[in-house]
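Counting along the sequence shown from 1, when you hit position 306 you're at 306 in our numbering, and nothing is skipped either side.
Below you'll find the structure, written out as structure tokens, and then a few comments.
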Amino acid sequence: MEAPTLPNEKEKLRLLVKNLPNGYAYHQVVVDHNGIPVDSFYLDVNTAFEKITGLSKAEVIGKRATEIYSSVQGKDFNWIGECSRLALTGDSHSFEHFSHSAQRWYSVTVYSDEPGFFVTLFDDITGTKHMQDQKRFEQVFRHNPTLMALSSLPERRFLEINNAFLETLGFTRQEIIGKTSAELGLFAHPEQATAIAERLKSKGQVSDIEMQARCKDGTILDGIFSGEVFSSEGKQYFLTSMLNITARKKAEKAVMDAYEVMLTVLNSIDAFVYVADLETYEILFINQYGKDLWGNIVGEKCWAVLQQQPAPCNFCTNEMLLDTFGTPTGVYNWELQNRINGRWYDCRDTAMRWYDGRMVRLQIATDITERKLKEEKILLISFHDRLTGLYNRSYLEEEMKRLDTDRQLPISIVMADLNGLKLINDTLGHSSGDGMLRRVAELLKYSCREEDIVTRWGGDEFLIFLPQTDNKAAVEICKKIKENCRNAYYKQMPISISLGAATKNNPGTDLLEVLGAAESNMYKQKLHYSQNAKSFVLDTLLMTLRAKSNETEEHNHTMRQISRLIGRRIGLSGPELSRLDLLISIHDIGKVNISEEILTRAGPLTPGEWEIIRSHPAAGYRIARATEGLARVAEEILSHHEHWDGSGYPQGLQGKVIPLLSRIAAIADAFEVMTGGRPHKKAVSQEEAIGELKEKAGKQFDPELVAVLLNAFEAGTELGCRQES
1 MEAPTLPNEK
11 EKLRLLVKNL
21 PNGYAYHQVV
31 VDHNGIPVDS
41 FYLDVNTAFE
51 KITGLSKAEV
61 IGKRATEIYS
71 SVQGKDFNWI
81 GECSRLALTG
91 DSHSFEHFSH
101 SAQRWYSVTV
111 YSDEPGFFVT
121 LFDDITGTKH
131 MQDQKRFEQV
141 FRHNPTLMAL
151 SSLPERRFLE
161 INNAFLETLG
171 FTRQEIIGKT
181 SAELGLFAHP
191 EQATAIAERL
201 KSKGQVSDIE
211 MQARCKDGTI
221 LDGIFSGEVF
231 SSEGKQYFLT
241 SMLNITARKK
251 AEKAVMDAYE
261 VMLTVLNSID
271 AFVYVADLET
281 YEILFINQYG
291 KDLWGNIVGE
301 KCWAVLQQQP
311 APCNFCTNEM
321 LLDTFGTPTG
331 VYNWELQNRI
341 NGRWYDCRDT
351 AMRWYDGRMV
361 RLQIATDITE
371 RKLKEEKILL
381 ISFHDRLTGL
391 YNRSYLEEEM
401 KRLDTDRQLP
411 ISIVMADLNG
421 LKLINDTLGH
431 SSGDGMLRRV
441 AELLKYSCRE
451 EDIVTRWGGD
461 EFLIFLPQTD
471 NKAAVEICKK
481 IKENCRNAYY
491 KQMPISISLG
501 AATKNNPGTD
511 LLEVLGAAES
521 NMYKQKLHYS
531 QNAKSFVLDT
541 LLMTLRAKSN
551 ETEEHNHTMR
561 QISRLIGRRI
571 GLSGPELSRL
581 DLLISIHDIG
591 KVNISEEILT
601 RAGPLTPGEW
611 EIIRSHPAAG
621 YRIARATEGL
631 ARVAEEILSH
641 HEHWDGSGYP
651 QGLQGKVIPL
661 LSRIAAIADA
671 FEVMTGGRPH
681 KKAVSQEEAI
691 GELKEKAGKQ
701 FDPELVAVLL
711 NAFEAGTELG
721 CRQES
């Protein structure tokens, strides 16, 4: 007896397509004489297509899409353009689409396996959409904090009420359903119900009617009532809502009481307090302290009596106290020297609603004249940067004014910028960044002459002011700084600095132009050296990580073999494989700031220590984002500990929302850890590791990628084989 023959690939594909539960159609793109796609032919459809669309195979095969569906040229979606693009590029696209002609929702996937041809797969999801809309309405209705009810018309009997309605008015659902508001006595003033009914007859809706409702226990509530008539399946209904404003009404009364209290308090403050209209500048109130200084000036313009100005002051804060929507922006704190009495005041201005509804400015001005005199003395001796001990920017700006004279020519300026500070802050923390800034300050002081003014200009920038110094001498100082920084480190991190120099030789040259030239020269050097510096820092971080953890080169090599084995088998392109290699190399870079004691502990970690460990994907993401060339794998670094079932961290991503390269790296990492072992976990055999992958496929790992790796092993592929390495 002859053995049964297996169907060939084409026959298997035909049977698969025929029995798909999804609608299937195979198209060929039609182009015009200019080669622009204008239509497509139906080449094949399956049984599900006929069932979902109601069109037979004979009706569509060989026909153009525009002959079958006029909507393919509609404005809501460019079917011809999108499908033709996919047919040319080989991409795929999935989306949901509403067909106006069929009045149905479809889930659609379009892809191309051959240039000039494309496939559409679709399902009817109309029922699911309707269920979602109904559920969304029910949730909004039931959980809305306003009181909502659905009534029949014309009887106006309650059909449904929400939770807020019951909880606020104190009724049970059984007491409400089937009754009218009149039967329940819900309107505190029945004439309101009559007015609402008349409005409904003429307008079909009512809105923002202030009313009072009666609770079951007789309590009266204030509310804003709105409602609208609508029809459904030949019947009319009345959907109503009431916003409970009882608390607001009580608050309004409390406001007036509070104003009285506020005025009493303001009169007792040992500071000058006044209130002025924001538009007219009319003084509406002045406290007793102010009256003792200025007299009773209520009714006067603030700018006329307080500053003796002919018009509103150019430093008036009115415009700062309200945003573009007229909402108060909070307290604006500023200092002012009064032009009449010469005294200094610390002013706290804020916009508020006055008791009569107008917006006003409330100013509380505390006399700080004595404090200002002391501060001026302190400023004379406080010209040093707290972090580095160098002169600060304020000091240098004053010195530049003092020394910008012909006698000091030539004057040179050197601008210095610490490379990679953001990367240091993101990896080792801001305390390490501060330490590196202090180290740079030491190197600059050591490299400069005693008469040079070395300043921290701001952030990671330093400025060196060199009176009576020509450009040649300034360049020599830059060389000396570079030489001293070349072999300097802070916590094993290299010191890299960019420098730029410029010189003022002519009296007519603006010193700010010289400073700008020095800065420009510095940035030119920074562009040249910055990336090398970042790469050097990154290499140092990787060496530091390997020195204090299990992130060995062997670990990365094994991970790279496994990941490339998977990547090649799923058809990753060359550039994608390169991205995958980069991801494997630096996937755990975020651990660099975690202590060696935690990274290498053989025993269990505390919950707090686990939180530290779980922070490393986010830290690695920040490092990659801050480093040119690594940003292209930042998202993958962030996601390499996410789990297929959503139980991973840090974002709890699920399924194919997790980046593909992250899913590959997760499998490679787990396999290497299992077979390589760790201080707290013995190594297992490859067979045991495969069993663990099978068990966690679909939970921790992408089941399709696990299957790809296991198929490779079953086919006899071994790690290190040339065809997969």
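Yeah, the Cβ is synthetic: ideal placement off N, Cα and C, and Gly gets one too.
> How is Gly74 classed by DSSP in three states: helix, strand or coil?
Replying inline: Locating residue 74 in the sequence shown gives position 74, where the first residue counts as 1. At Gly74, the pLDDT of 49 sits below 50, so the modelled position is not reliable; the number obtained from the coordinates is stated separately. Residue state, collapsed to three classes: coil.
> What residue range is occupied by the uninterrupted beta strand (DSSP E) comprising Thr109?
Replying inline: Walking along the sequence shown from the start, residue 109 turns up at place 109. Judged by DSSP secondary structure, Thr109 falls within the beta strand (DSSP E) whose first and last residues are 104 to 114.
>> Please give me, in chain order, every unbroken run of the alpha helix (DSSP H) with length at least 4 that falls completely inside the region 181 to 214.
In response: Listed in chain order, the complete alpha helix (DSSP H) runs (minimum 4 residues) inside the region 181 to 214 are 181 to 184, 190 to 203.
> Which same chain residues, not among the five before or five after Ile165, have their C-beta less than 7 Å away from its C-beta?
Replying inline: Counting from 1 along the sequence shown, the entry for residue 165 is found at position 165. Looking at the sequence itself, residue 165 is Phe, so the reference to Ile does not match. For Phe165, same chain residues with a beta-carbon under 7 Å away, outside a window of 5 residues either side, are Leu147, Met148, Ala149 in chain order.
> Using 8 Å as the Cβ pair cut-off and three pairs as the minimum, do the region 578 to 592 and the region 678 to 693 touch?
Replying inline: The region 578 to 592 is not in contact with the region 678 to 693.
> Expressed to the nearest angstrom, what Euclidean distance is found between the alpha-carbon atoms of Thr427 and Ala619?
Replying inline: Against the sequence shown, residue 427 aligns to sequence position 427. Against the sequence shown, residue 619 aligns to sequence position 619. Cα to Cα, Thr427 sits roughly 7 Å from Ala619.
> Taking only beta-carbon atoms, is Phe462 less than 7 Å away from chain D?
Replying inline: Chain labels in this structure do not include chain D; a single protein chain is all it has.
> Taking C-alpha atoms, which residue in Gly574, Arg199, Leu55, Ala254 lies nearest to Gly227?
Replying inline: One-based indexing of the sequence shown puts residue 227 at position 227. Nearest option by C-alpha distance: Arg199.
>> Buried or exposed, going by whether 16 or more other CB atoms sit within 10 Å of the CB of Glu33?
In response: Taking the first residue of the sequence shown as position 1, residue 33 is located at position 33. The amino acid at residue 33 is misidentified as Glu; the sequence shows His. Counting the other Cβ atoms within 10 Å of the Cβ of His33 gives fewer than 16, which makes it exposed.
>> Please identify the residue among Ile220, Pro310, Val273 whose C-alpha is closest to the C-alpha of Ala247.
In response: Position 247 of the sequence shown, counted from the start, is the residue given in the question as residue 247. If we check each option's Cα against that of Ala247, Ile220 comes out closest.
> Leaving out five residues before and five after Ser394 in sequence, what residues of the same chain have Cβ atoms less than 7 Å from its Cβ?
Replying inline: Taking the first residue of the sequence shown as 1, we reach residue 394 at position 394. Close CB contacts of Ser394 within its chain, under the 7 Å cut and outside five residues either way in sequence, are with Phe383 (chain order).
> Considering only residues of the region 17 to 73, which uninterrupted beta strand (DSSP E) runs meet the minimum length of 3 residues and lie entirely inside it, listed in chain order?
Replying inline: Here the runs fully enclosed are 23 to 31, 37 to 45.
> Which of the three DSSP states, helix, strand or coil, is assigned to Gly691?
Replying inline: Looking up residue 691 in the sequence shown gives position 691. It is helical.
> Ordered along the chain, which non-local residues of its own chain (more than five positions away) have a Cβ less than 7 Å from that of Asp270?
Replying inline: Counting from one through the sequence shown, the residue named residue 270 turns up at place 270. Same-chain partners within the cutoff: Tyr289.
>> Helix, strand or coil, according to DSSP, for Pro154 in the structure here?
In response: On the sequence shown, residue 154 is found 154 positions in, with the first residue counted as 1. In the three-state reduction of the DSSP assignment, Pro154 falls in the coil class, being assigned neither a helical nor a strand state.
>> I need the DSSP call for Lys479, collapsed to helix, strand or coil.
In response: Walking along the sequence shown from the start, residue 479 turns up at place 479. Helix at Lys479.
> Taking three-plus beta-carbon pairs below 8 Å as touching, is the region 236 to 243 in contact with the region 336 to 347?
Replying inline: No: the two stretches stay apart, fewer than three of their Cβ pairs being nearer than 8 Å.
>> Report the CB separation of Thr324 from Arg343 in whole angstroms; it is logged as a contact under 8 Å.
In response: For this step, residue 324 is matched to residue 324 along the sequence shown. For this step, residue 343 is matched to residue 343 along the sequence shown. At roughly 35 Å, the Cβ-Cβ gap does not stay under 8 Å, so Thr324 and Arg343 are not in contact.
> What are the boundary residues of the beta strand (DSSP E) that Gly223 is part of?
Replying inline: Here residue 223 refers to the residue found at position 223 of the sequence shown. Start and end: 220 to 232.
> Can you tell which of Ala668, Phe713, Gln654, Phe671 has the C-alpha that lies nearest to the C-alpha of Gly698?
Replying inline: As a working mapping, residue 698 is identified with position 698 in the sequence shown. Checked all of Ala668, Phe713, Gln654, Phe671; the closest Cα to Gly698 is Gln654.
> Where does Arg353 fall in DSSP's three states?
Replying inline: Looking up residue 353 in the sequence shown gives position 353. DSSP, read as helix, strand or coil, puts Arg353 in strand.
> Of the residues Thr405, Gly433, Ile68, Glu399, which one's Cα is nearest the Cα of Val454?
Replying inline: The residue given as residue 454 occupies position 454 in the sequence shown. Closest by alpha carbon: Glu399.
>> I'd like the span of the alpha helix (DSSP H) that includes Trp294, first residue to last.
In response: Within the sequence shown, residue 294 is the residue found at index 294, counting from 1. According to the DSSP assignment, Trp294 belongs to the alpha helix (DSSP H) that extends over 288 to 294.
> Roughly how many whole angstroms lie between the Cα atoms of Val706 and Gly567?
Replying inline: Within the sequence shown, residue 706 is the residue found at index 706, counting from 1. Within the sequence shown, residue 567 is the residue found at index 567, counting from 1. Those two C-alpha atoms are separated by around 12 Å.
> Residue ranges of each beta strand (DSSP E) run of no fewer than 3 residues wholly in the region 413 to 469, ordered along the chain?
Replying inline: Look at the region 413 to 469 and you find these whole runs of beta strand (DSSP E), each 3 residues long or longer: 453 to 458, 461 to 466.
> Is the region 501 to 511 in contact with the region 409 to 423, if contact means three or more CB pairs nearer than 8 Å?
Replying inline: At 8 Å Cβ cutoff, the stretches touch.
> Looking only at its own chain, which residues have a Cβ that is under 8 Å from the Cβ of Asp510, when we skip the five neighbours before and after it?
Replying inline: Stepping through the sequence shown from its first residue, residue 510 is reached at position 510. Excluding positions up to five away in sequence, the list is empty.
> What does a CB cutoff of less than 8 Å around Ala488 pick up in its chain, not counting 5 residues either side in sequence?
Replying inline: Within the sequence shown, the letter at position 488 stands for residue 488. Once the five neighbours on either side are set aside, the close Cβ partners of Ala488 are Arg439, Leu443, Pro494, Ile495.
>> Going by the DSSP bridge assignment, what does Lys504 pair with across the sheet?
In response: As a position in the sequence shown, residue 504 is number 504, starting the count at 1. DSSP, once it has assigned bridges, lists Ile411 as partnering Lys504.
> Are the CB atoms of Gln468 and Gln408 nearer to each other than 7 Å?
Replying inline: Position 468 of the sequence shown, counting from 1, holds the residue named residue 468. Position 408 of the sequence shown, counting from 1, holds the residue named residue 408. Against a cut-off of 7 Å, the Cβ pair of Gln408 and Gln468 comes out as a contact.
> Among Gly116, Leu387, Gly23, which residue has its Cα nearest to the Cα of Asp39?
Replying inline: Walking along the sequence shown from the start, residue 39 turns up at place 39. Per the Cα distances, Gly116.
>> What does the Cβ neighbour count give for Arg722, buried or exposed, with the cut at 16 atoms within 10 Å?
In response: Taking the first residue of the sequence shown as 1, we reach residue 722 at position 722. Confidence is the limiting factor: at Arg722 the pLDDT is only 34, short of 50, which leaves the residue's position unreliable, though a coordinate-based value still follows. Arg722 should be labelled exposed.
> Whose C-alpha, out of Arg486, Ser615, Leu463, is nearest the C-alpha of Tyr391?
Replying inline: Counting from 1 along the sequence shown, the entry for residue 391 is found at position 391. Per the Cα distances, Leu463.
> DSSP three-state call for Leu599: helix, strand or coil?
Replying inline: Here residue 599 is taken as the residue at index 599 of the sequence shown, counted from 1. DSSP places Leu599 in helix when its eight states are reduced to three.
> Hey, would you say Gln236 sits closer than 7 Å to Leu153, going by beta carbons?
Replying inline: Counted from its first residue, the sequence shown places residue 236 at position 236. Counted from its first residue, the sequence shown places residue 153 at position 153. In this structure, the beta-carbon distance from Gln236 to Leu153 falls below 7 Å.
>> So, does the region 79 to 88 touch the region 116 to 125, judging by three or more C-beta pairs under 8 Å?
In response: In short, these stretches touch, since the Cβ pair count reaches three.
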